[in-house]
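As structure tokens, the structure follows; a few thoughts come after it.
Residue numbers (full-length UniProt numbering): 1 to 482.
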């Protein structure tokens, strides 16, 4: 008897059809979608709802086609529409966008797609704050970038965990494809799945992507001893992330050609920085050390340098996975530990003078800076952690006096401790149930106490510290960053 079940391809095609928007075109300037909705309260089974969109301006253009900003005439809602010539349409991009719709916190939201006789149109969320390449141009290698690199990296890794768990390889991870959803607190979203591909039931062979972020196995530079097949794996995304982290920290891509070793902001707008192939070849084929001069020149800690190297290991099997990288000590401990030189600011001593806590801190919050008070909530045997948390919190508060922006400094501090709270794989089984009271508690002190109690009651020792830190973060933000 033959198997009558639909193939995976047929199923995905049918799923895509669910997101196709019925569309009428009014020239090139206006588009109307009419869909059917139900209203149970009004006892209406099917109601026709029309939305009309007009072109506003072009957001970008390239070999793939064009991206336009569109405005809905009645509500003023915005969306970005990618227009791809029919001959260049890749259904894998649509499939990836559909599959990732349940993670709007990590990926650009997908609203649907439609066609005309010449092109396919993909309607997506409009992200107004530019992309990571602009961020690097403005802030690369700065104190701001060094404060925020941990949070940016964690969010990209959270997205890669989801992608890789679903057997999707992005294959073109680069700053231009990482959009800034919010500049403060920093929030990024991964976009552009034009050359993404599933890794299950197929192989990855195509040399694609952007050369500055391509892994050795994509460029034919992988030594034979590391080659397990003629194809590569989703770990090429990890290498690309290593390049991105390096660029945020130093404003330079790794293996940058010598005559172009200038900050990215100094490079002509349309000039693509070039890889120094001999240096890359020496690292991949001859066992030369990873070039760390630019990282050391920017006072990146040994842990930070080792983190970048773990992402950019020549042997794909030795590279950190996305899930493992999220647990790296450098990332967990609030991004890179930059050895800031205060010589010019503090009269050559190299150290900031002691300073009192800002007077604006309410007594309730000040009590949390006492290690014994924190320990009383989480247990005396956790006092060592409480003392560490106390020291870090005070450092952030005291530092804010000299930066002149208490709220901004605290937001960055809190963001650097942020949990990977939307990735269930990194939480104990049943987390969503036993932590729910803490999530919903309105009083910050009560939230902190509930988190500590939940961890204690469930015996999840590996995660208690991150949960308590999350509570401390919420506590600080609620009082100091209203």
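Here a beta-carbon is modelled for each residue, glycine too, at the ideal position from N, C-alpha and C. Being a predicted model, the structure only gives us computed values, none of them experimental.
Closest Cα partner of residue i within the set the options
i: residue 248; options: 326, 109, 175, 49; result: 175
i: residue 485; options: 320, 291, 284; result: As shown, the chain starts at 1 and ends at 482. That puts residue 485 outside it, with no answer to give.
i: residue 318; options: 293, 282, 257, 227; result: 227
i: residue 245; options: 166, 149, 24; result: 149
i: residue 292; options: 316, 24, 301; result: 301
i: residue 297; options: 189, 329, 250; result: 250
i: residue 196; options: 50, 69, 172, 125; result: 172
i: residue 257; options: 239, 242, 238, 294; result: 294
i: residue 107; options: 121, 255, 170; result: 170
i: residue 235; options: 253, 213, 299; result: 213
i: residue 16; options: 36, 91, 64; result: 91
i: residue 192; options: 83, 332, 273, 70; result: 83
i: residue 64; options: 110, 194, 322, 333; result: 194
i: residue 30; options: 10, 237, 51, 13; result: 51
i: residue 127; options: 181, 241, 121, 280; result: 181
i: residue 484; options: 280, 188, 315, 179; result: Lying before the first or after the last residue shown, residue 484 is absent from the chain, which here runs from 1 to 482.
i: residue 48; options: 32, 81, 62, 329; result: 32
i: residue 26; options: 12, 13, 120, 53; result: 53
i: residue 252; options: 231, 70, 207, 142; result: 142
i: residue 273; options: 326, 333, 137; result: 137
i: residue 299; options: 198, 190, 147; result: 147
i: residue 62; options: 151, 55, 88, 43; result: 88
i: residue 242; options: 326, 206, 207, 198; result: 326
i: residue 333; options: 81, 153, 229; result: 153
i: residue 125; options: 164, 81, 168; result: 81
Buried versus exposed, by CB contacts within 10 Å (16 or more), residue i
i: residue 216; result: buried
i: residue 135; result: buried
i: residue 116; result: exposed
i: residue 74; result: exposed
i: residue 157; result: buried
i: residue 364; result: Note that residue 364 scores a pLDDT of 33, beneath 50, so its modelled location is shaky and nothing firm can be said.
i: residue 118; result: exposed
i: residue 95; result: buried
i: residue 155; result: buried
i: residue 350; result: Any reading at residue 350 must be qualified, since the residue scores a pLDDT of 34, below 50, and its modelled position is unreliable; no value is offered.
i: residue 97; result: buried
i: residue 201; result: exposed
i: residue 67; result: buried
i: residue 287; result: exposed
i: residue 35; result: exposed
i: residue 41; result: exposed
i: residue 38; result: exposed
i: residue 57; result: exposed
i: residue 10; result: exposed
i: residue 45; result: exposed
i: residue 28; result: exposed
i: residue 86; result: exposed
Those residues which DSSP pairs with residue i across a bridge
i: residue 131; result: 179
i: residue 44; result: 39
i: residue 169; result: 197
i: residue 118; result: Paired residues: none, contrary to the question.
i: residue 107; result: 190
i: residue 85; result: 119
i: residue 67; result: 60, 82
i: residue 24; result: 32
i: residue 222; result: DSSP, once it has assigned bridges, lists no residue as partnering residue 222.
i: residue 72; result: 53
i: residue 542; result: Since the first residue of the chain shown is 1 and the last is 482, residue 542 is not available in this structure.
i: residue 300; result: In DSSP, residue 300 forms no bridge with anything.
i: residue 232; result: 204
i: residue 256; result: 275
Chain-order list of residues whose beta-carbon lies under 7 Å from that of residue i (same chain, five-residue window excluded)
i: residue 290; result: 283, 309, 312
i: residue 166; result: 99
i: residue 133; result: 175, 176
i: residue 211; result: 275
i: residue 285; result: 221, 223
i: residue 159; result: 106, 107, 190
i: residue 24; result: 32
i: residue 188; result: 132, 152, 155, 156, 178, 179, 180, 181
i: residue 120; result: 84, 86, 89, 113
Chain-order list of residues whose beta-carbon lies under 6 Å from that of residue i (same chain, five-residue window excluded)
i: residue 183; result: 129
i: residue 139; result: 145
i: residue 112; result: 19, 21, 123
i: residue 239; result: 215, 312
i: residue 255; result: 275, 276, 279, 280
i: residue 203; result: 231
i: residue 315; result: 226
is_contact[residue i, chain B] using C-beta, thresh 8 Å
i: residue 107; result: As a matter of chain content, chain B is missing from the structure shown, which is built from one protein chain.
8 Å Cβ shell around residue i - same chain, five flanking residues per side excluded
i: residue 218; result: 207, 208, 209, 232, 236
Three CB pairs or more closer than 8 Å across the region 204–224 and the region 295–310: With a cut-off of 8 Å, the region 295–310 and the region 204–224 do not count as touching, because too few Cβ pairs lie within range.
Sufficient close CB pairs (3 or more, under 8 Å) joining the region 76–85 to the region 95–105: no
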